[in-house]
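What follows is a short report on a single structure.
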Amino acid sequence: MDLPAPPTNYPKTLTSPVLCRRRPDAGAARRQEAINNCASRRLPRPIVSPPRGPSVRHHSLLQPAPPGPASDRVVARSSAVVAQPPLPPPLLLPEMPSPTIRRLDVASPVPADIDIANSVEPLPIADIAAELGLGPEHYDLYGRYKAKVLLSVLDDLKAQQDGYYVVVGGITPTPLGEGKSTTTVGLCQALGAFLDKKVVTCLRQPSQGPTFGIKGGAAGGGYSQVIPMDEFNLHLTGDIHAITAANNLLAAAIDTRIFHENSQTDKALFNRLCPANKEGKRRFADVMLKRLTKLGISKTDPNELTPDEVRRFARLDIDPESITWRRVMDVNDRFLRKITIGQGPEEKGMVRETGFDISVASEIMAVLALTTSLADMRERLGRMVIGNSKSGEPITADDLGVGGALTVLMKDAIHPTLMQTLEGTPVLVHAGPFANIAHGNSSIVADKIALKLVGKGGFVVTEAGFGADIGTEKFMDIKCRYSGLVPQCAIIVATIRALKMHGGGPDVVAGKPLDHAYVSENVALVEAGCVNLAKHIANTRSYGVNVVVAINKFASDTEAEMNAVRNASMAAGAFDAVVCTHHAHGGKGAVELGLAVQRACESQLEPLKFLYPLESSIKEKIESIAKFYGASGVEYSEQAEKQIEMYTKQGFSNLPICMAKTQYSFSHVPSMKGAPTGFVLPIRDVRASIGAGFIYPLVGTMSTMPGLPTRPCFYEIDVDTATGKVMGLS
22 MDLPAPPTNY PKTLTSPVLC RRRPDAGAAR RQEAINNCAS RRLPRPIVSP
72 PRGPSVRHHS LLQPAPPGPA SDRVVARSSA VVAQPPLPPP LLLPEMPSPT
122 IRRLDVASPV PADIDIANSV EPLPIADIAA ELGLGPEHYD LYGRYKAKVL
172 LSVLDDLKAQ QDGYYVVVGG ITPTPLGEGK STTTVGLCQA LGAFLDKKVV
222 TCLRQPSQGP TFGIKGGAAG GGYSQVIPMD EFNLHLTGDI HAITAANNLL
272 AAAIDTRIFH ENSQTDKALF NRLCPANKEG KRRFADVMLK RLTKLGISKT
322 DPNELTPDEV RRFARLDIDP ESITWRRVMD VNDRFLRKIT IGQGPEEKGM
372 VRETGFDISV ASEIMAVLAL TTSLADMRER LGRMVIGNSK SGEPITADDL
422 GVGGALTVLM KDAIHPTLMQ TLEGTPVLVH AGPFANIAHG NSSIVADKIA
472 LKLVGKGGFV VTEAGFGADI GTEKFMDIKC RYSGLVPQCA IIVATIRALK
522 MHGGGPDVVA GKPLDHAYVS ENVALVEAGC VNLAKHIANT RSYGVNVVVA
572 INKFASDTEA EMNAVRNASM AAGAFDAVVC THHAHGGKGA VELGLAVQRA
622 CESQLEPLKF LYPLESSIKE KIESIAKFYG ASGVEYSEQA EKQIEMYTKQ
672 GFSNLPICMA KTQYSFSHVP SMKGAPTGFV LPIRDVRASI GAGFIYPLVG
722 TMSTMPGLPT RPCFYEIDVD TATGKVMGLS
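Take the position in the sequence shown, starting the count at 1, then add 21; the result is the number in this note's numbering.
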């Protein structure tokens, strides 16, 4: 659109115009406060959206839209940061459109996800960053459409108040998923593009395993997506590759150390660990001092160690049977679940069985998600336990001397990746830990940065993996414990399809057509299945947060079925229950959800309540979670009893619990739908991610390396060689 020529008599402190809309005094005061804050922090002046008009950028999915709600935010364009006296009030000019918000011209039926994503030209990520108030010194560009936001932003914004914190969970899902990611994105598009709120979406980075396997990508779907969708679902900025490299470096260090200890004397081993320089002097590497401290040796000169101290320092004496650290790769490959290593002739017969996990199952991924700073990540990586010595002492990455090197490989991965939604709202993508053996949430640092960037009255919406019994529970009891952050609202995503399954409907199988029961009205089946939703609402409310149910509407859902869900939700204690059509309509289809979330956040008064105190024993914490599921008791295998005793003896009993169980039931049996009670939860084994900071009991068998189906997603994936665009991603 043609913009009127700006006046030229700007105040001397400005180098370019400030565009805004006239508002009442309260809005003017907030605008001035934002500008003054930025000037005092030497940040760029905030680029904040005025009422929404037609977008500056046009493409096939955009249409002009009437102005939306009045805005009290400022649009500023500045070529230099002027950090001196407080700026005068901004000049008042005619209303202007936000440079980053888009309105979508939706089609029906909804096109394929990749077709929608490819039809929208992303804005340069520098524009999205500027809209958040970030200057070039606060991020590193990775191409035109992605940037790493640096942790230094937290220091610059430490005086800024946090925005509202919202977590998105779901009911117990079908194998098809119920649209948590899509709902998370759609809600943020509604808040930012239609309700004129400052908002940041925080999502996990998807693994390439599901992308090429069964489930497909995790960028959302329909008209509620993160773009560029192909970059989001594939390499992104290389964080998972960094995790893979770090994980496998540690795996190599383990087997190499065993090899060298088995083939050398104490003296030879020590001499190679602490070699003399040309002057004949020896020194300990900095990481070696950590092991000396652990051993109670205060000496810092290698020449002063006694023969016994030399032996204790040099020999880790790793028990091969105790090693829990496995190699990883970021594709589904069932034939790597169990392998034999050391079969080459140079390995001198040192053969052992091990296996591969998928990269996102690595403890390093969980460390990345739970770390709070670079220094904290260094400590967590160094204290990761890979197994025990033959005397039962835990062996860490720092004992192997590799903790610092792991941190070097991960130093860029610690910074969240900034992207955008289809409607131009900002997204921070960071970390993607498994939601069973790990906690299944995006990173603490991304959430903390986002909460500062949106500021008071803004919204940060983050997603928790699987159903609320797994993802939301771990969000509260693990992530919020370590972050110190307190959510004001929890969303539970429900679908008519999943509720019918919980009400006794036929099995839902990925890759097979849905039974007629799922595409025709059956209110009784929906009402019967709402027992699952009611249990999730009650569990989530027990943390002291307001619960909003998002009913993710499919085309075959009827008004009577949705009314049944709304009624059941309110009867179970939900703050509100809202029907959403964000998949088909983008942010416009989640406006009512956005309003409900805003009301829920503004009325939240209770403090956060954890499910258990950390001081409880490992068994007491496990049993608290089992009761939360509906179990009448817990049964421990002999192996689980042994591991609990060992971790307690080693001093790890004060860690939170990360239950590894099926996502398809409250119980340990996937076929037990609804809200089963009275079952005994079996604990097959208990393991620990000491660096990440949790104990994870195994409820049944957990696969950490998925396999490929007969017809994987990769059959549909290709590239248009004429345009270079990716086709077939879902």
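Note that the Cβ used here is the ideal one computed from N, Cα and C, for glycine as well. Model, not experiment: these values are computed from the prediction.
Beta-carbon spacing of methionine 726, arginine 355 below 8 Å: In this structure, arginine 355 lies closer than 8 Å to methionine 726 by Cβ.
Aspartate 498 beta carbon less than 8 Å from that of proline 677: The Cβ atoms of proline 677 and aspartate 498 lie closer than 8 Å to each other.
Simplified DSSP assignment, three categories, for tyrosine 485: The residue you asked about is not tyrosine; residue 485 is alanine in the sequence shown. Three-state DSSP puts alanine 485 in a strand.
Among Arg620, Ala459, Gly238, Phe480, nearest to glutamine 210 - alpha-carbon criterion: Phe480
Strand pairing of alanine 647, partner residues [DSSP]: DSSP, once it has assigned bridges, lists no residue as partnering alanine 647.
Exposure label - glycine 532; buried when at least 16 CB within 10 Å: exposed
Cutoff 7 Å; reference asparagine 139; Cβ partners in own chain excluding five residues on either side: If the five residues before and after asparagine 139 are omitted, its C-beta is found closer than 7 Å to the C-beta atoms of Lys746, all from its own chain and listed in chain order.
Coarse secondary structure for arginine 754, derived from DSSP in three states: Since the first and last residues shown for the chain are 22 and 751, residue 754 lies out of range.
Cβ pair count under 8 Å reaching 3, the region 181-191 against the region 494-511: yes
Beta-carbon spacing of glutamate 605, glycine 200 below 8 Å: In the sequence on display, residue 605 carries alanine and not glutamate. Not a contact, by the Cβ cut-off of 8 Å.
Beta-carbon proximity check, valine 3 vs leucine 402, cutoff 8 Å: With the chain represented from 22 up to 751, any question about residue 3 goes unanswered, as that position is not in the structure.
Range of the contiguous alpha helix (DSSP H) that encloses glycine 191: Per DSSP, glycine 191 belongs to no alpha helix (DSSP H); it is in the beta strand (DSSP E), 185-191.
Serine 343 to glycine 476 span [Cα, whole Å]: 48 Å
Member of Glu580, Ala549, Ser590, Ser577 whose CA lies at the smallest distance from the CA of valine 568: Ser590
Asparagine 567 - partner residues in DSSP beta bridges: Cys510
Span of the alpha helix (DSSP H), counted from its first residue to its last, around glycine 230: It spans 229-233 - the alpha helix (DSSP H) in which glycine 230 sits, taken as one unbroken run.
Buried or exposed by the 16-neighbour rule on C-beta atoms within 10 Å, applied to lysine 556: buried
Proximal residues to cysteine 501 (C-beta, below 6 Å), its chain only, five neighbours per side dropped: none
Where the alpha helix (DSSP H) containing phenylalanine 291 begins and where it ends: 287-294
Within 8 Å, strictly: CB atoms of glycine 607 and leucine 212: Not a contact, by the Cβ cut-off of 8 Å.
Own chain residues within Cβ distance below 6 Å of asparagine 371, not counting five before or after: Sequence check: residue 371 is methionine here, not asparagine. Excluding residues within five positions, the ones whose Cβ falls inside 6 Å are Phe280, Gly363.
N-terminal and C-terminal residue of the beta strand (DSSP E) that valine 247 is part of: 245-248
Stretch pair the region 735-745 + the region 441-456: three plus CB contacts closer than 8 Å: Proximity of the region 735-745 to the region 441-456 falls short of the contact definition, fewer than three beta-carbon pairs being nearer than 8 Å.
Glutamine 660 in three-state terms, based on DSSP: Here glutamine 660 sits in helix by DSSP.
3 or more residues per run - each beta strand (DSSP E) lying fully within the region 536-605: 567-573, 597-601
Rounded straight-line distance, which links the Cα of leucine 474 to that of valine 655: 44 Å
Inter-residue CB distance, phenylalanine 700 and aspartate 490 (contact presumed, cutoff 8 Å): So it is not a contact: roughly 13 Å between Cβ atoms.
First and last residue of the uninterrupted alpha helix (DSSP H) at arginine 333: For arginine 333, the uninterrupted alpha helix (DSSP H) segment begins and ends at 328-335.
Alpha-carbon spacing of glutamine 671 relative to leucine 316, whole angstroms: Going from the Cα of glutamine 671 to the Cα of leucine 316 covers about 14 Å.
Residues that DSSP places opposite tyrosine 160 in a beta bridge: Residue pairing of tyrosine 160 in beta bridges, as defined by DSSP: Val170.
Residues near arginine 278 in its chain [Cβ-Cβ closer than 8 Å; skip 5 each side]: Leu337, Ile339, Leu421
Element boundaries [beta strand (DSSP E), containing arginine 708]: 706-710
Simplified DSSP state of proline 145, which is helix, strand or coil: coil
Where the alpha helix (DSSP H) containing valine 406 begins and where it ends: Segment 406-409 is the beta strand (DSSP E) holding valine 406; no alpha helix (DSSP H) there.
Closest residue to aspartate 468 among Gly488, Ile513, Thr393 (Cα-Cα distance): Thr393
Whether isoleucine 465 touches serine 228 by CB criterion (8 Å): No, the Cβ-Cβ distance between isoleucine 465 and serine 228 is not below 8 Å.
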